[in-house]
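Heads up: the sequence lines are chains B and Z, in that order.
Start counting at 1 in the first sequence, then tack on 79, and there's your number in the working numbering.
Start counting at 1 in the second sequence, then tack on 50, and there's your number in the working numbering.
Built from N, CA and C at the ideal position, the CB exists for glycine as well.
Only one structure is covered here, and it is reproduced in the block below.
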Amino acid sequence: MAGMISRGLPSAGVFAGPIAWLADTQVNYAAVPWVCAHQVPFIPVFAAAMAVISLAGGYLSWRGYASEAPTPAPDSTGAGRPHRFVALMGIAIAVLFTLVILLQGAAGLVFHGCER
Amino acid sequence: MTRAITPHDLDGVPEISRLATGERGGLPGVQSEADAPPSPDELRDDQVDGAELTARLAKTWGTDRGLVGTLSTVDHKIIGRRYIVTAILFLFLGGLSAVVMRMQLAVPENRLVGPDLYNQLFTMHGTTMMFLFGVPIGEAFAVYLVPLMVGTRNIAFPRLNAYSYYVYLFGGLMIWVAFMLNIGPDVGWFAYVPLSGPEFSPGKRADFWAQMITFTEVSGIAVAISIIVTVFKLRAPGMTLDRIPLFVWAELINSFVIIFALPAVVTASATLMMDRLVGTHFFNPAEGGDALLYQHLFWFFGHPEVYIIFLPATGWVSAIVVTFSRRQAFGYIALVLSLIATGFLSFGLWVHHMFTTGLPQLGASFFTASSMLIAIPNGIQIFCWIATLWDGRPVFRAPLLFILGFFFIFVAGGLSGIMLASVPLDTQVHDTFFVVAHFHYVLIGGNVFPLIAAVYYWFPKFTGRMMSERLGKWHFWLAFIGFNVTFFPMHITGLMGMPRRVYTYLPEMGWANLNLLSSAGAVLFFGSFVLFLYNIVSSARRGPLAGPNPWNAGTLEWASASPPMPQNFDRIPVVTNREPLWAHRGSLPVVAGLSVENREQIVSTITHGRADLRESTPEPSIWPFMAAIATTILFVGSMFTPWALVWGSIPLAVTLMGWFWPKPSTEDER
Chain B
80 MAGMISRGLP
90 SAGVFAGPIA
100 WLADTQVNYA
110 AVPWVCAHQV
120 PFIPVFAAAM
130 AVISLAGGYL
140 SWRGYASEAP
150 TPAPDSTGAG
160 RPHRFVALMG
170 IAIAVLFTLV
180 ILLQGAAGLV
190 FHGCER
Chain Z
51 MTRAITPHDL
61 DGVPEISRLA
71 TGERGGLPGV
81 QSEADAPPSP
91 DELRDDQVDG
101 AELTARLAKT
111 WGTDRGLVGT
121 LSTVDHKIIG
131 RRYIVTAILF
141 LFLGGLSAVV
151 MRMQLAVPEN
161 RLVGPDLYNQ
171 LFTMHGTTMM
181 FLFGVPIGEA
191 FAVYLVPLMV
201 GTRNIAFPRL
211 NAYSYYVYLF
221 GGLMIWVAFM
231 LNIGPDVGWF
241 AYVPLSGPEF
251 SPGKRADFWA
261 QMITFTEVSG
271 IAVAISIIVT
281 VFKLRAPGMT
291 LDRIPLFVWA
301 ELINSFVIIF
311 ALPAVVTASA
321 TLMMDRLVGT
331 HFFNPAEGGD
341 ALLYQHLFWF
351 FGHPEVYIIF
361 LPATGWVSAI
371 VVTFSRRQAF
381 GYIALVLSLI
391 ATGFLSFGLW
401 VHHMFTTGLP
411 QLGASFFTAS
421 SMLIAIPNGI
431 QIFCWIATLW
441 DGRPVFRAPL
451 LFILGFFFIF
461 VAGGLSGIML
471 ASVPLDTQVH
481 DTFFVVAHFH
491 YVLIGGNVFP
501 LIAAVYYWFP
511 KFTGRMMSER
521 LGKWHFWLAF
531 IGFNVTFFPM
541 HITGLMGMPR
551 RVYTYLPEMG
561 WANLNLLSSA
571 GAVLFFGSFV
581 LFLYNIVSSA
591 RRGPLAGPNP
601 WNAGTLEWAS
611 ASPPMPQNFD
621 RIPVVTNREP
631 LWAHRGSLPV
641 VAGLSVENRE
651 QIVSTITHGR
661 ADLRESTPEP
671 SIWPFMAAIA
681 TTILFVGSMF
691 TPWALVWGSI
701 PLAVTLMGWF
711 WPKPSTEDER
């Protein structure tokens, strides 16, 4: 586990961000009646947890990028190092989906869940 | 044009030389069938050269003449060409139905079309544009171009690809024949229950809609599978993940979206048919069903559908912008990121089509958030394309003009889309012409303008001849002005309160002038398509010869002849750059060692694109066509009796057995 955290996983952010966002959307959408009935700030709390998962994926992608071997040299278009490419993609997707998750969670700070 | 690879070419891709040199490749201790020595009895492409190699490969990969040969073909270019032509014919049919609607709405209380025919017209227009044109046209271009762009000789699962085309064709013909017989569907392109249910839509009209969905979804998913496998496993050696052309990335993401989105609408249409035919109550609230469930199922498909239409267009735009800017894409990584992010996010927006169904505000707000933030990846794409043009030396030929038109129109549609993501505004303008204006800006701007650009761009590859540039410029201005005159006024008629899907209106409403303006614009827009058709037909017959690479583009499809030979490439290219033809002007490195007498392709690894296996691909077969006929019999029959599922499965099973019956390949026989 420690080795994986150190070495990272280039594609982690590509999957962690969207999966965390999917869980956030589905669980929070289903939880609206329950939030209305119990008036518990579940939505932002759950969104925060999912944002952490998304960012963790981004972190693993970043570690994967940093620990990737510097060879082979890229071609004139900067290509030829697909693991670095996937890692960069993972970092960016994790950041984007963290933003979406946090914005969805912010709705729980505005609405009580009973508004129609 | 081609030369053998040298060790210098392979510095960045150390695994690809073994097919050419016979040396053992792969990581230490890792071997595959590609390492096996070639059979001495079999003629290979390093033993012949020049015209003889071309002729022999063309014979091996060619399609037989005659009716049976034509229907048996598995050549991705022939199937792709049929797909493109058929989808564009459906575009014209859908457009004609829109023109009739615009003539009806040109003046108040018009008697040109009655309410029943009008209901059928807007249903056929929407259904045709979304299912028979929008989804297939993106896949059609992928079927033709993806194998060429990734440097292989045929699409993966070519018989499945052939089968998908016939199923699509038969489904489209079925619904249009029904319309011609005045039994076309009249329930909108979404066929909401309870309107489309057994109580309010007796007869077979709604069944034709529901079963057409089944046809097109079977077809769409089959093609998507073929494309994904082609991109992942049939890329030319050296085409690492970060050297895949942006067009191919767009088609890959699009195929994934299709595979995950389409089952939802098939579930919706199948359960609707069961409610109508065998008396189930999935959507009947009186018996414990849920009418809103139908909307959720439909829009879980319906919103990704918008991106299924848009994503291939981003591929066309990327290819054309790069070629006519004379520089590689600015922000390749950002563009791929945008495609992937858009593909995922498209599945989290569907409830914004249901804001007026009484859902809790908190629940709706999640979808507002996603709907607004999908503007980020789409905005990134636009900025990258503009930056590519800004930093390049743009050449303003007809394809690029249509791309510039796309920028203006699509961005305007995107802005009204952000407005509609807001619940209060959406509630106010729901089901008005404002929404009609918005989605036509998005869909025509986001798909049709790039499509026209793509036709102008790849027409030389498809036919070997150039389209008329002069007519192309006339076409662009007629289309751009016609489109905006048609659809911009609809924003205002919508804000004035004119609802969608009404066959006429009273003069006192004050909508007449704007409607007349929209109808005049529709005539102009229609005229632009007539000009387009004339340009296509006349250029195909008399256009100047194009040569392999008339635009001096950088991607691999331009390394093949125009039109391409059946084998695509005499030798499979080696990719050492994102723009291989710009990196190796005049001499493209190739690998050698594939069979000349058998349909053999290179199977490569997903991430690095290393040559891994030599694999045979299927020969032509009549069975996919027969299976499509059997599928049609089963689908059409099951609109009338559930027993068709039982009896119809027998001929289908027979054709599938014929299709999959073990047949030793020529290579194995040897």
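Write down every uninterrupted run of the beta strand (DSSP E) in the stretch 581-642 of chain Z whose length is 3 residues or greater and which is fully enclosed by it, in chain order. Entirely contained in the stretch 581-642 of chain Z, the beta strand (DSSP E) runs reaching 3 residues are, in chain order, 638-640.
By the three-class DSSP mapping on this structure, what secondary structure does Ile98 of chain B have? helix
Open item on the list: Does the CB of Ala419 of chain Z have a neighbour CB from chain B at under 9 Å?
Closed with: yes
Worksheet item: the stretch 609-642 of chain Z: which residues have C-beta closer than 8 Å to a C-beta of chain B, in chain order?
Response: Thr626, Asn627, Arg628, Glu629, Ala633
Using 8 Å as the Cβ pair cut-off and three pairs as the minimum, do the stretch 463-472 of chain Z and the stretch 416-425 of chain Z touch? yes
If I measure Cβ to Cβ from Ser85 of chain B and keep anything under 6 Å in the same chain, skipping five residues before and after, which residues do I get?
none
On the DSSP bridge assignment, give the partners of Pro549 of chain Z in chain order.
Z:Thr482
Indicate whether Phe265 of chain Z and Ile233 of chain Z have their beta-carbon atoms separated by less than 9 Å. no
What do you get for Gly184 of chain Z, buried or exposed, if any count of 16 or more other CB atoms within 10 angstroms of its CB means buried? buried
Notebook entry, point to check: How would you list, in chain order, the residues of chain Z whose beta-carbon sits under 9 Å from the beta-carbon of Ser85 of chain B?
Noted result: Within 9 Å Cβ-Cβ: nothing; Ser85 of chain B doesn't reach chain Z, min ~21 Å.
Quick one: Cα of Ile700 of chain Z to Cα of Gly464 of chain Z, how far? Rounded to the nearest whole angstrom, the CA to CA distance from Ile700 of chain Z to Gly464 of chain Z is 49 Å.
Exercise. For Val111 of chain B, return the contacting residues in chain Z, with the cut-off set at a CB-CB distance below 7 Å.
Key: Pro410, Leu412, Gly413
Suppose you measure from the CA of Gly75 of chain Z to the CA of Arg293 of chain Z; what does that come to, to the nearest Å? Residue placement at Gly75 of chain Z is flagged as unreliable, the pLDDT there being 42, under the threshold of 50; a coordinate-derived value is accordingly withheld.
**Prompt:** Mapping DSSP to helix, strand and coil, what is Ser654 of chain Z?
**Reply:** strand
**Message:** Quick check: is the beta carbon of Ala102 of chain B nearer than 9 Å to any beta carbon in chain Z?
**Reply:** no
Can you look up Leu663 of chain Z in the DSSP assignment and give me helix, strand or coil?
strand
Note down the Cα distance separating Pro557 of chain Z from Val492 of chain Z, rounded to an integer number of angstroms. 30 Å
DSSP-derived helix/strand/coil call for Ser396 of chain Z
helix
| So Leu143 of chain Z and Trp226 of chain Z are in contact, right, with Cβ under 8 Å, and what is the actual spacing, rounded? | 7 Å
- Query: Between Phe512 of chain Z and Pro613 of chain Z, which are expected to be in contact by the criterion C-beta below 8 Å, what is the C-beta distance as a whole number of angstroms?
  - Reply: About 6 Å; that satisfies the 8 Å criterion.
Please decide whether Gly187 of chain B counts as near chain Z, where near means a Cβ-Cβ distance under 9 Å. At least one CB of chain Z lies nearer than 9 Å to the CB of Gly187 of chain B.
- Task: Look at His488 of chain Z and His402 of chain Z and say whether their C-beta atoms are less than 9 Å apart.
- Result: Taking 9 Å as the cut-off, the beta carbon of His488 of chain Z is found no closer than this to the beta carbon of His402 of chain Z.
So, under 8 Å CB-CB, Ala272 of chain Z and Ala260 of chain Z are touching, yes? Tell me the CB distance rounded to an integer number of Å. Contact flag wrong, Cβ pair sits at about 19 Å.
Q.
Which of the three DSSP states is assigned to Arg520 of chain Z in this structure?
A. In the structure shown, Arg520 of chain Z sits in a helix (DSSP, three-state: H, G or I).
Practice task
Classify Ser146 of chain B as helix, strand or coil using the three-state DSSP reduction.
Solution key: Ser146 of chain B: coil per DSSP, three-state reduction.
### Query
So which residues on chain Z does Pro161 of chain B lean against when the C-beta distance must stay under 7 Å?
Thr290, Leu291, Asp292, Thr657, His658
- [ ] Please go through the same chain and pick out, in chain order, the residues whose beta-carbon is closer than 6 Å to the beta-carbon of Val165 of chain B, but skip the five residues on each side of it.
- [x] Here the set comprises Pro89, Ser90.
Query raised in the report: Thinking just about the alpha-carbon of each residue, which of Z:Gly188, Z:Ala206, Z:Thr178, Z:Arg131 is nearest to the one in Leu141 of chain Z?
Result: Z:Thr178
Exercise for review: Thinking Trp239 of chain Z and Thr173 of chain Z are a contact (beta carbons under 8 Å), I'd like their distance in whole angstroms, please.
Suggested key: 6 Å
Contact with chain B by Ala391 of chain Z, beta-carbon distance below 9 Å: yes
Q.
I'd like to know if Phe125 of chain B contacts chain Z, where contact means its C-beta is closer than 9 Å to some C-beta of that chain.
A. no
Member of Z:Leu684, Z:Glu647, Z:Gly112, Z:Phe360 whose CA lies at the smallest distance from the CA of Gln97 of chain Z: Z:Glu647
For a test of the three-state rule: what should DSSP assign to Arg115 of chain Z, helix, strand or coil?
coil
For Asp99 of chain Z, does the count of other Cβ atoms within 10 angstroms reach 16, so buried, or fall short, so exposed?
Exposed.
On the CB-based measure, 16 or more other CB atoms within 10 Å of its CB, does Val580 of chain Z come out buried or exposed? exposed
>> I'd like to confirm the pairing. Which residues does DSSP put opposite Ser645 of chain Z in its beta bridges?
In response: Z:Arg94
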